[in-house]
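Chemist: What follows is a single structure, and I will ask about it in a moment.
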Amino acid sequence: MTEPTCAILQTGSLQSSPDLLRARCGGLDLVERHVLGLHHAGIHQIYVFDPKGHWKPIGRVLQLEGTTVQAVRELPEFPAGGAIWLRADAVVHKQLIGLVKNAEKATVVCGRPEHGAKGGTRSDGFLEVGEEQWTGVAFFPAAVRAELVKSLGNDSESGDIQAIHARLDKEKTWKRSSEGGFFRKIRDRRDVRDAERLLFHSLRKPQDGLVARTFNRPLSLPVSRLLAHTHLTPNQLTVLNAGFAVAAAVVLFLGHPVFGWGLWLSGALGGLLIQACSVYDGCDGEIARVKFQYSHLGDWLDTIFDDICNCLFFAGVAAWSYQYTGQEHFIWMGVAAFVGQWIANVVMYYYLIKVAGTGNNQDYQLGSPDKPGGGIVGRVLNKLKYLTKRDFHLFTFMLLGLAGLLWVGAYFIFVSAMIAATILSIQHVQLLLRLRRERLEKLAAGEKRDTKPPAERREPRPPSGEKRESKHGG
2 MTEPTCAILQ
12 TGSLQSSPDL
22 LRARCGGLDL
32 VERHVLGLHH
42 AGIHQIYVFD
52 PKGHWKPIGR
62 VLQLEGTTVQ
72 AVRELPEFPA
82 GGAIWLRADA
92 VVHKQLIGLV
102 KNAEKATVVC
112 GRPEHGAKGG
122 TRSDGFLEVG
132 EEQWTGVAFF
142 PAAVRAELVK
152 SLGNDSESGD
162 IQAIHARLDK
172 EKTWKRSSEG
182 GFFRKIRDRR
192 DVRDAERLLF
202 HSLRKPQDGL
212 VARTFNRPLS
222 LPVSRLLAHT
232 HLTPNQLTVL
242 NAGFAVAAAV
252 VLFLGHPVFG
262 WGLWLSGALG
272 GLLIQACSVY
282 DGCDGEIARV
292 KFQYSHLGDW
302 LDTIFDDICN
312 CLFFAGVAAW
322 SYQYTGQEHF
332 IWMGVAAFVG
342 QWIANVVMYY
352 YLIKVAGTGN
362 NQDYQLGSPD
372 KPGGGIVGRV
382 LNKLKYLTKR
392 DFHLFTFMLL
402 GLAGLLWVGA
412 YFIFVSAMIA
422 ATILSIQHVQ
432 LLLRLRRERL
442 EKLAAGEKRD
452 TKPPAERREP
462 RPPSGEKRES
472 KHGG
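Heads up: the sequence shown begins at 2 in our numbering, then just goes up one per residue.
Rendered as structure tokens:
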């Protein structure tokens, strides 16, 4: 099977509406959004079919490493592997591109209006296909090009729609379901706003914890929609969001002894500030996915700053608990929790560097990697996955702060840090032993390859008069 090596963006109705051509959805203009999406999907030859020549590549489109973007007024030749066909006057879920990336025959991706819907905002396509609609995404083999050239010659804005309509009546096998991803045809500015609403709604993750899904996302997504139209980058948002955690720690440390606030007030404000940190911690990732600004550095920055914010807040809780009760053991519990948490953090960083190759702490595997489901530890923690997530913990601390019971949270921090340090340290030792075993097995395999007698391993002499090439190229 030959994967498509190029994609063609059909500007469609944007040809007669330069104003829409510059409209921005999620901080990117429509053509730029598709180009970046195709680039990250592994398509590195992109043609923008724009017969009237209104669109010009600018900004990040010109800086894509390994990807060529070219505006053309005539339909280019299709490569032997065929081409992905994409309407630029639409916004679609990225999974729709994946449905045609490995296509072997002509494929037209169709979906239902309720796919990816958000309230009264529904998906909307270009062509009625039974109970579904064409999403604007297709794959065409090279043999279809001549037919498209003829149709687009008659109507450059919608000739492809007419060609698909004529073919779908005969070629039922062309149709493929969008599998639930949203799609939205763009005809005016209102459609752009509706498409943006669907785009941000699609950012909800299936692995979101209970609090993130029901409380944090509904608050962070509207803010991210506003931030997407600014020049703030995800990494800058990661650093800025840490300010909530720093403020929470300062309030818990100094609210009562320095500012003269009551202990309840300082505890409540500290809890509210750390919950704000938890809510808007999602904005950097949401912006990164919407604007295709994700990076390895961003993963690490997010992971490390989250850990620093947690430890600052935990120290603040220990200080507040000491002020509230006057019992010194809270200070020692705070120190022990700080040390235990960083032992767990460093162990996790080692795994991410050596094994996962990422900076995302969600890639850390709890339990035994050699056993189904991670063994007993992995299965138990999977059952408690919502209770072990950061969003749940910080939401609980907000409630304890409002109730004046943060000292209860200090015990929870101490116990959970000790458990985390113990489990991750045991797993770290197991990982080191496994890596050492694998290294010895590789060495043993290499020695077996070198056990041939010297006469069998000796390189053949070159023919007379032929010069042997030096290892250094001399």
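Note that CB positions come from ideal geometry on N, CA and C, so glycine has one too.
Given the structure is predicted, the values throughout are model-derived calculations rather than measurements.
Pro463 to Ala446, Cα distance in whole Å?
Modeler: For Pro463, the predicted structure reports a pLDDT of 46, less than 50, and the residue's modelled location is therefore unreliable. A value from the coordinates is still provided. Distance between the alpha carbons of Pro463 and Ala446: 30 Å.
Chemist: DSSP beta-bridge partners for Cys312?
Modeler: Bridge partners of Cys312: none, in fact.
Chemist: In the structure shown, what three-state DSSP assignment does Arg18 receive?
Modeler: It is worth fixing the name first, because residue 18 is Ser in this sequence and not Arg. Looking at Ser18 - three-state DSSP - the assignment turns out to be coil, as it is neither helix nor strand.
Chemist: To which residues of the same chain is Phe331 closer than 6 Å at the C-beta, ignoring the five residues directly before and after it?
Modeler: Excluding positions up to five away in sequence, the list reads Ala319, Ser322, Tyr323, Ala411.
Chemist: Report yes or no: do the region 196 to 203 and the region 135 to 142 share at least 3 C-beta pairs separated by less than 8 Å?
Modeler: With the cut-off at 8 Å, the region 196 to 203 and the region 135 to 142 do not touch.
Chemist: Might you give, ordered along the chain, the residues of its own chain that have their beta carbon closer than 6 Å to the beta carbon of Arg146, omitting 5 neighbours on each side?
Modeler: Around Arg146: Phe79.
Chemist: Compare the C-alpha of Tyr295 against each of Leu37, Ile9, Ile85 and name the closest.
Modeler: That would be Leu37, whose Cα lies nearest to the Cα of Tyr295.
Chemist: With Thr68 and His45 assumed to form a contact (beta carbons below 8 Å), what rounded beta-carbon distance in angstroms separates them?
Modeler: 4 Å between Cβ atoms; contact.
Chemist: Ile427 to Gly244, Cα distance in whole Å?
Modeler: Whole-angstrom Cα-Cα distance: 34 Å.
Chemist: Between the alpha carbons of Phe183 and Val101, how many angstroms are there, rounded?
Modeler: Distance between the alpha carbons of Phe183 and Val101 is about 15 Å.
Chemist: Would you please state the rounded distance, in angstroms, between the beta carbons of Leu220 and Val280? I believe it to be under 8 Å.
Modeler: Sure, about 5 Å apart at Cβ, within 8 Å.
Chemist: Any idea what DSSP makes of Ser471, helix, strand or coil?
Modeler: Low per-residue confidence applies at Ser471: pLDDT is 37, beneath 50, and the placement is therefore not dependable enough to give any value.
Chemist: Assign Lys106 to one of three DSSP states: helix, strand, or coil.
Modeler: Here Lys106 sits in coil by DSSP.
Chemist: Does the separation of the CB atoms of Asp195 and Arg188 fall below 8 Å?
Modeler: Taking 8 Å as the Cβ cut-off, Asp195 and Arg188 do not qualify as a contacting pair.
Chemist: Mind checking which residues open and close the alpha helix (DSSP H) that includes Glu287?
Modeler: Run containing Glu287: 264 to 291, per the alpha helix (DSSP H) assignment.
Chemist: Roughly how many whole angstroms lie between the Cα atoms of Glu115 and Arg191?
Modeler: The straight-line gap from Cα to Cα measures roughly 18 Å.
Chemist: If we call anything under 8 Å between Cβ atoms a contact, is Gly405 one with Trp265?
Modeler: Yes, the pair counts as a contact, with Cβ atoms nearer than the cut-off.
Chemist: Do Gly210 and Asp364 come within 8 Å of each other at the CB atom, strictly closer than that value?
Modeler: No, the pair does not count as a contact, with Cβ atoms beyond the cut-off.
Chemist: Smallest Cα separation from Pro142: which of Glu75, Ala107, Ser159?
Modeler: Nearest of Glu75, Ala107, Ser159 to Pro142, Cα basis: Ala107.
Chemist: Report the residue ranges of all alpha helix (DSSP H) runs contained in full by the region 221 to 257; include only those spanning at least 4 residues, in chain order.
Modeler: Taking only runs of at least 4 residues, the alpha helix (DSSP H) segments lying wholly in the region 221 to 257 are 235 to 255.
Chemist: Shortest alpha-carbon distance to Asp300 belongs to which of Asn362, Leu436, Phe260, Val150?
Modeler: Cα-wise, what sits closest to Asp300 is Asn362.
Chemist: From what residue to what residue does the beta strand (DSSP E) around Arg391 run?
Modeler: From DSSP, Arg391 is part of no beta strand (DSSP E) but of the alpha helix (DSSP H) over 391 to 403.
Chemist: Could you give the C-beta distance for Leu15 and Ala89, rounded to a whole number, given that I count them as a contact under 8 Å?
Modeler: So it is a contact: roughly 6 Å between Cβ atoms.
Chemist: In the structure shown, what three-state DSSP assignment does Ala81 receive?
Modeler: Of the three classes helix, strand and coil, the one that applies to Ala81 here is coil, per DSSP.
Chemist: What span of residues does the beta strand (DSSP E) with Gly160 cover, start to end?
Modeler: Segment 160 to 169 is the alpha helix (DSSP H) holding Gly160; no beta strand (DSSP E) there.
Chemist: Exposed or buried, Glu180, counting other C-beta atoms within 10 Å across all chains shown (16 or more means buried)?
Modeler: The residue is exposed, with fewer than 16 neighbouring Cβ atoms inside 10 Å.
Chemist: According to DSSP, simplified to helix, strand and coil, what is Asp300?
Modeler: Helix, per DSSP.
Chemist: Starting from Phe201, trace the beta strand (DSSP E) both ways and give me its first and last residue.
Modeler: Per DSSP, Phe201 belongs to no beta strand (DSSP E); it is in the alpha helix (DSSP H), 190 to 202.
Chemist: Can you list, in chain order, the residues of its chain with a C-beta nearer than 8 Å to that of Thr359? Leave out the 5 residues immediately preceding and following it.
Modeler: Cβ neighbours of Thr359 beyond the five flanking positions: His297, Asp300, Leu353.
Chemist: Applying the 10 Å Cβ sphere with the 16-neighbour rule, what's the burial state of Phe339?
Modeler: Buried.
Chemist: Please classify Leu149 as buried or exposed, where buried requires at least 16 neighbouring CB atoms within 10 angstroms.
Modeler: With 16 or more Cβ atoms within 10 Å of its Cβ, Leu149 is classed as buried.
Chemist: Identify the continuous beta strand (DSSP E) that holds Ser157 and give its terminal residues.
Modeler: Run containing Ser157: none; DSSP gives neither H nor E here.
Chemist: With respect to the alpha helix (DSSP H) encompassing Gln208, which residues constitute its N-terminal and C-terminal limits?
Modeler: Looking at the DSSP string, Gln208 is not in any alpha helix (DSSP H), and its letter there is neither H nor E.
Chemist: In this structure, does DSSP put Phe260 in helix, strand or coil?
Modeler: Note: Phe260 maps to coil in three-state DSSP.
Chemist: What is the DSSP secondary structure of Arg462, counted as helix, strand or coil?
Modeler: Here the model assigns Arg462 a pLDDT of 48, short of 50, so the residue's position is not dependable, and the following value carries that caveat. It is coil, neither helix nor strand.
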